[in-house]
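Read the structure below first, then the notes.
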Amino acid sequence: MLNVGQIWEGFVLDHIEAGKSLSIYFDLKLDKLDSCVAIIKNARSNKMGKKDIIKVECGIDRLDLDILGYINHNITVNIIQEGNIIEKKRLTLPETIVNVIRCKNPRCITSIEQGLDQVFFLTDKEKEVYRCKYCEEKYGET
Amino acid sequence: MRHLMSPLDFSVEELETLMNLADDIRMCPEKYSHSCHGKKLASCFYEPSTRTRLSLETAMLNLGGSVIGFSDAASSSASKGESVADTIRMISCYADICAIRHPKEGAPLVASMKSTIPIINAGDGGHQHPTQTLTDLLTIRSLKGRLHHLKIGLCGDLKFGRTVHSLINALIRYTDIEFVLISPPELRVPDYIRDDVLRKNNIPFQEVIRLEEVLQDLDLLYMTRVQKERFFNEEEYVRMKDFYILDKSKMELAAKEMLVLHPLPRVNEIAVEVDDDERAVYFKQVQFGVYIRMALILTLLEVKIC
Numbered sequence: 019m020l021n022v023g024q025i026w027e028g029f030v031l032d033h034i035e036a037g038k039s040l041s042i043y044f045d046l047k048l049d050k051l052d053s054c055v056a057i058i059k060n061a062r063s064n065k066m067g068k069k070d071i072i073k074v075e076c077g078i079d080r081l082d083l084d085i086l087g088y089i090n091h092n093i094t095v096n097i098i099q100e101g102n103i104i105e106k107k108r109l110t111l112p113e114t115i116v117n118v119i120r121c122k123n124p125r126c127i128t129s130i131e132q133g134l135d136q137v138f139f140l141t142d143k144e145k146e147v148y149r150c151k152y153c154e155e156k157y158g159e160t
Numbered sequence: 108m109r110h111l112m113s114p115l116d117f118s119v120e121e122l123e124t125l126m127n128l129a130d131d132i133r134m135c136p137e138k139y140s141h142s143c144h145g146k147k148l149a150s151c152f153y154e155p156s157t158r159t160r161l162s163l164e165t166a167m168l169n170l171g172g173s174v175i176g177f178s179d180a181a182s183s184s185a186s187k188g189e190s191v192a193d194t195i196r197m198i199s200c201y202a203d204i205c206a207i208r209h210p211k212e213g214a215p216l217v218a219s220m221k222s223t224i225p226i227i228n229a230g231d232g233g234h235q236h237p238t239q240t241l242t243d244l245l246t247i248r249s250l251k252g253r254l255h256h257l258k259i260g261l262c263g264d265l266k267f268g269r270t271v272h273s274l275i276n277a278l279i280r281y282t283d284i285e286f287v288l289i290s291p292p293e294l295r296v297p298d299y300i301r302d303d304v305l306r307k308n309n310i311p312f313q314e315v316i317r318l319e320e321v322l323q324d325l326d327l328l329y330m331t332r333v334q335k336e337r338f339f340n341e342e343e344y345v346r347m348k349d350f351y352i353l354d355k356s357k358m359e360l361a362a363k364e365m366l367v368l369h370p371l372p373r374v375n376e377i378a379v380e381v382d383d384d385e386r387a388v389y390f391k392q393v394q395f396g397v398y399i400r401m402a403l404i405l406t407l408l409e410v411k412i413c
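From first to last, the protein sequence lines are chains A and B.
Residues 19 to 160 (our numbering) are what the first sequence spells out, left to right.
Residues 108 to 413 (our numbering) are what the second sequence spells out, left to right.
Here it is, written out as structure tokens:
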């Protein structure tokens, strides 16, 4: 079994579906972060069989957990301070997501207007539907 | 400062106030003829329009105001690549209120985010056309005397017709509303209207193919154009096109009080012979469109008439 050391301050993102850690690494823009990051793939899990884990050593205000909530709200986020878990955060679907996904509707103003944020609102919590702020098109529908 | 992006921006109570003002304008137009003296409407049409542009401009002129603007994108800075945000910042320095029609959906919303003057969405692609919906509501209220307890037939292209979607969304806020959706299978209302609007709000509705089957039960018939290019094949179009042409013989099946509305332009979906029928109110609808746009301009400019 591979051992990855404890972190002093930062996050442990646990219960990531096996194989998804690398895309989450980029979605969270961890590649832009000048911090120690460990990606553990295919770790054994009683609950999931196999899972991925990401450990990030950084200040606890550095991560946008709203993005994570959108990517997969089943991921467990452990917040670490002085080597101890100080909080296990439950992720929820964010009401608004900004500049995470792009509207694919070619008729939408976001397709031509420069400098416009890509904003989506959660319009149906049950069905996890997000709609573009500008054209109201459902994400993934076009 | 308020803008108008969607017909749902106004609550039912605010709509009542707006329509009461439109009624008063209709009854005493001279009372309002100088109410916008010294004010300017910027009429910014990035794509062609006949009715909406002329109606908005007429509304401002009737109020004693003046109009500046452009009627196609080629004669604006958009042809040089200027963004909507930059254009509206500039227009905010020239005018007191601005109406925007744009082929891109959400463009008026972008304008409203940067504007220091009220913005009216005069149509954005296939998305919203709120002043048409306000026109439809005022026409129905004025000629039917109510916006509740109505069985409304919506006929034609219910899939791509933005006026139909907006009207459904606006009318479900009233009590005892029932819809009959009359269209070819290819042009039925989108799922989000059927599921997220009608079913979710327990609004009774039925979907039928032939207009004749339901005409006798309707209080209102809202006609839209069925375009040939919307059909999957020519055969289907030829087989069905007559189902959606309202003529004298079909009007004989309808109730005496049933009203026929149409957002216009009409091509051939309503035969010219129907125009003389008292129940055909689509040209009156155009006149109501001016009154409601006058009321809208006064409301957004917060002009008080004593």
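C-beta: ideal position from N, C-alpha, C; glycine also.
At a cut-off of 4 residues, the continuous stretches assigned as alpha helix (DSSP H) that sit fully inside the segment 156 to 220 of chain B are 158 to 169 and 191 to 201. Distance between Pro112/A and Ile85/A, taken at the CA atoms: about 8 Å. Pairwise C-beta distances place the segment 26 to 46 of chain A in contact with the segment 56 to 76 of chain A, as three or more of them are shorter than 8 Å. Take Asp243/B, set aside five residues on each side of it, and the residues of its chain with a beta-carbon closer than 6 Å to its own are Leu274, in chain order. For Glu314/B, same chain residues with a beta-carbon under 7 Å away, outside a window of 5 residues either side, are Leu288 and Arg295 in chain order. Of all residues in the segment 127 to 155 of chain A, the ones placed with a Cβ closer than 8 Å to any Cβ belonging to chain B are Ile127, Thr128, Ser129, Ile130, Glu131, Gln132, Gly133, Leu134, Asp142, Cys150, Lys151, Tyr152, Cys153, Glu154 and Glu155, in chain order. Within chain B, not a single residue places a beta-carbon under 9 Å from that of Arg120/A; the smallest gap is close to 14 Å. A Cβ of chain A is located within less than 8 Å of the beta carbon of His234/B. In the structure shown, the three-state DSSP call for Thr240/B is helix.
The alpha-carbon separation between Leu403/B and Leu125/B amounts to approximately 7 Å. Of all residues in the segment 206 to 218 of chain B, those with a C-beta nearer than 8 Å to a C-beta of chain A are His209, Pro210, Lys211, Glu212, Gly213, Ala214, Leu216 and Val217, reading in chain order. Residue pairing by DSSP places Lys106/A opposite Asn96/A in a beta bridge. For Ala181/B, not one C-beta of chain A is nearer than 8 Å to its own C-beta.
Relative to the Cα of Gly133/A, the nearest Cα in the group Val174/B, Pro311/B, Ala361/B and Val191/B belongs to Val191/B. With fewer than 16 other CB atoms across the displayed protein chains lying within 10 angstroms of its CB, Tyr201/B is exposed. Spanning the alpha carbons of Tyr344/B and Glu364/B requires a straight line of approximately 31 Å. Residue-level contact check: Arg125/A touches chain B, since one or more beta carbons of chain B fall below 8 Å from its beta carbon. Taking a cut-off of 8 Å on C-beta distances, the segment 166 to 173 of chain B touches the segment 140 to 151 of chain B, as three or more cross pairs fall below it. Cys153/A counts as buried, since at least 16 other C-beta atoms from the protein chains shown sit within 10 angstroms of its C-beta. Around the beta carbon of Asn92/A, fewer than 16 other beta carbons lie within 10 angstroms, which makes this residue exposed. Residues of chain A with a Cβ closer than 8 Å to the Cβ of Val191/B are, in chain order, Ile127 and Glu131.
Secondary-structure assignment with DSSP links Asn228/B through a beta bridge to Ile207/B.
Around the Cβ of Pro114/B, a 10 Å sphere holds 16 or more other Cβ atoms; the residue is buried. Taking C-beta atoms under 8 Å as the contact rule, Glu376/B and Arg332/B qualify, at a distance of about 5 Å. One Cα belongs to Val217/B, the other to Val22/A, and the distance between them is close to 48 Å. According to the DSSP secondary-structure assignment, Leu353/B is paired through a beta bridge with Ile377/B. In the structure shown, the three-state DSSP call for Arg149/A is strand. Beta-bridge partners of Phe390/B (DSSP): none assigned.
Arg386/B and Gln394/B have their C-alpha atoms spaced approximately 16 Å apart. Sequence-distant partners of Val304/B (beyond 5 residues in either direction) whose C-beta falls short of 7 Å from its own C-beta, in its chain, are Ile275, Asn276 and Ile279. Put simply, the backbone Cα of Ser222/B is about 24 Å away from that of Glu155/A. In the displayed model, Leu31/A falls within a strand according to three-state DSSP.
Contact between Phe152/B and Arg160/B is confirmed by a C-beta separation of about 5 Å, below the 8 Å threshold. Rounded to whole angstroms, the Cβ separation of Ser142/B and Ile412/B is 6 Å, and the two are in contact under 8 Å.
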